[in-house]
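Student: With mature numbering (1 follows the signal peptide of the UniProt record, and there is no 0) applied, the sequence shown covers -21 to -1, 1 to 421. Sharing a structure, written as structure tokens. Questions coming.
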Amino acid sequence: MSPAPLLAFLGVTFLLPGVQTLNCQWGTTEIVRNVSQLPLTWTSSQTACEINEGCQETLLLIENGPQVSLVLTKGCTAQKDQEAKVTEHRAGPGLSITSYTRVCRHRDFCNDLSSTVPLWAPPSDTVPGSLRCPLCFSNDDCPQNGPQQICPAGYTHCYNGVVKFIGGGIASNLRVQGCMPQPGCNLLNGTQLIGSMDVTENCSPRSAIQTCNRGTMLRIAAGLSQKPVEWTTNQEENCNPGEVCQETLLLIDVGHKSLLVGSKGCSSPQRQDAPTVFIHSGSPGVLVASYAWFCSSILCNSAKSSSVLLNSLPRPAASAPGSLQCPVCVQFGGSCSQVSNFIICPNGTNHCYKGDIHTRGGGVSATLAVQGCMPESSKSLLKEAQKIGIFSVNEDFEGKTKDPLPPSSSAPAPYLALVAGLGLPVAFWCGGFLLPVKSIFP
């Protein structure tokens, strides 16, 4: 392979000697098939890697009586080269686990495994025993009255656990029920890493472990109600039994400046069929709007930008200036008294708003100070709302007695706190997000 071009301009190409990049096969898939369908074959997509990256492929087969679960990932990696390796993590009969791993750099598309042949051997005849166990591979809960299988002779235990895969573009919980020769939660035989994937198992929860993206975001800048900003995170968390994933955005725009605070993580269940966008206070005057989504599939709180909120907001026509002048300000965790600017309010407003929105939950604990123009029909920005997605909120404005915050239903999480001396615009994230993956099977 020739050195990679560094720059091409006006027909002239400059080369950086010795620097090469690889093209690799790419994709991920998770499927369940009958053992009678083995061996399986596939084709994959392609991707260009970064400098010094190699090609990787990780294939995992879990056989469970008449069924087999296949987990496969291909792509680029910074890991060092590794010859093709087949590992038997647990031998059959009954539940068995075998893997194939490889990292290479000697040519383009060297991660070219295209079938399960290196891992597969025809099953040997087994003598049936007297134990019957449920038969299940599922990314959700196993059915209460699902199919059963007759275990091999000498087997004494029915396995019931959740195997979690993270890495190489895979993020999955696989519920497994099948036959084991001894009790215990040790299907993986102590294995914690298979190629590009971290693997763990848990036999305690009654239902599959929920995994959610986790993090908080704060932005303070002009125009956040018009131009979307990135909303990605880099951490995940396992939820407590019965919890779901959530993502919440709260936007406050006073005109010359706006504030956006967001949260992703686990939450107690909420009744919600689709994401909800709500305009608490709108034009003319201070805009307050929110987005909230509660969902129950793995890493489903995966919005990538604030467009999930902005795309649902109306675009008000420009208002003619009125005669009222008001101080305008929006602050995270501070006071507006020394930082307010005065503006001429638009027609349709007749008084100045000054108040605080106390916000707690989803890793956020802060007071949002707001000043701006308000129409005659409104005195409150939140209209007595006490919950906005994961956030518990309480509005305290001039002329209103401060009420205590309602209890927060969020799971414990690190708090997003004021950082002294932050300039504008401000951006602050902590948390986790996983890129989407694509099946390599048609």
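All residues carry an ideal CB built from backbone N, CA and C; glycine is no exception.
Counting C-beta neighbours from all protein chains within 10 Å, is the total for residue 125 16 or more, i.e. buried, or is it exposed?
Tutor: For the purposes of this step, residue 125 is taken as residue 146 along the sequence shown, with counting starting at 1. The residue in question, residue 125, is exposed, as its Cβ has fewer than 16 Cβ neighbours within 10 Å.
Student: Count the C-beta pairs between the segment 60 to 73 and the segment 3 to 15 that are closer than 8 Å, then say yes if the count reaches three, no if not.
Tutor: As far as the Cβ criterion goes, the segment 60 to 73 does not touch the segment 3 to 15, which means the pair count is below three.
Student: Can you check whether the CB of residue 78 is closer than 8 Å to the CB of residue 39?
Tutor: Taking the sequence shown and counting its residues from 1, one reaches residue 39 at position 60. Taking the sequence shown and counting its residues from 1, one reaches residue 78 at position 99. Going by C-beta atoms, residue 39 is nearer than 8 Å to residue 78.
Student: Can you look up residue 314 in the DSSP assignment and give me helix, strand or coil?
Tutor: The sequence position of residue 314 within the sequence shown is 335, counting from 1. Reduced to three states, the DSSP call for residue 314 is coil.
Student: Would the segment 134 to 149 and the segment 174 to 183 be scored as touching if the rule is three or more Cβ pairs under 8 Å?
Tutor: Yes, the segment 134 to 149 touches the segment 174 to 183.
Student: Please state the DSSP three-state secondary structure of residue 166.
Tutor: Locating residue 166 in the sequence shown gives position 187, counting from the first residue. Three-state result, residue 166: coil.
Student: Determine the burial state of residue 172: buried for a count of at least 16 other Cβ atoms within 10 Å of its Cβ, exposed for fewer.
Tutor: Numbered from 1 along the sequence shown, position 193 holds the residue referred to as residue 172. Classification of residue 172: exposed, given that the 10 Å Cβ count is below 16.
Student: Which of helix, strand or coil does DSSP assign to residue 49?
Tutor: Sequence index remark: in the sequence shown, residue 49 carries index 70 (1-based). The answer is strand: DSSP assigns residue 49 an E or B state.
Student: Whole angstroms are fine: how far does the CA of residue 122 sit from the CA of residue 422?
Tutor: Outside the modelled stretch of the chain, which goes from -21 to 421, sits residue 422, for which no answer is possible.
Student: Could you check what DSSP says for residue 72 in three-state terms: helix, strand or coil?
Tutor: Position 93 of the sequence shown holds residue 72. Correct three-state label for residue 72: coil.
Student: Taking the straight line between their C-alpha atoms, what separation do you get for residue 255 and residue 372?
Tutor: Here the question's residue 255 lines up with position 276 in the sequence shown. Here the question's residue 372 lines up with position 393 in the sequence shown. Computed Cα separation, rounded: 17 Å.
Student: The alpha helix (DSSP H) spanning residue 289 covers which residue range?
Tutor: Taking the sequence shown and counting its residues from 1, the one referred to as residue 289 is at position 310. Residue 289 -> alpha helix (DSSP H) spans 286 to 289.
Student: Classify residue 314: buried if its beta carbon has 16 or more other beta carbons within 10 angstroms, exposed otherwise.
Tutor: The residue labelled residue 314 in the question sits at position 335 within the sequence shown. Exposed, by the Cβ-count rule.
Student: What does the alpha-carbon distance come out to for the pair residue 198 and residue 287?
Tutor: Stepping through the sequence shown from its first residue, residue 198 is reached at position 219. Stepping through the sequence shown from its first residue, residue 287 is reached at position 308. So the alpha carbons of these two residues sit roughly 16 Å apart.
Student: Determine, using beta carbons only, whether residue 175 and residue 277 come nearer to each other than 8 Å.
Tutor: What you label residue 175 is simply residue 196 of the sequence shown in a count that begins at 1. What you label residue 277 is simply residue 298 of the sequence shown in a count that begins at 1. Their beta carbons are not under 8 Å apart, which means residue 175 does not touch residue 277 by this criterion.
Student: Would residue 369 be called buried (16 or more neighbouring beta carbons within 10 Å of its own) or exposed?
Tutor: Within the sequence shown, the letter at position 390 stands for residue 369. That one is buried.
Student: The beta strand (DSSP E) spanning residue 5 covers which residue range?
Tutor: What you label residue 5 is simply residue 26 of the sequence shown in a count that begins at 1. 2 to 13 is the extent of the beta strand (DSSP E) around residue 5.
Student: Which value, in whole angstroms, describes the spacing of the CA atoms of residue 208 and residue 325?
Tutor: What you label residue 208 is simply residue 229 of the sequence shown in a count that begins at 1. What you label residue 325 is simply residue 346 of the sequence shown in a count that begins at 1. Answer to the nearest angstrom: the Cα atoms are 27 Å apart.
Student: Taking three-plus beta-carbon pairs below 8 Å as touching, is the segment 31 to 46 in contact with the segment 56 to 63?
Tutor: At 8 Å Cβ cutoff, the stretches touch.
Student: Short of 6 Å in beta carbon distance, which residues of its chain neighbour residue 203, apart from the five on each side in sequence? Order them along the chain.
Tutor: As a first step, residue 203 must be located in the sequence shown, where it is residue number 224. Closer than 6 Å at Cβ, skipping near neighbours: 237 and 239.
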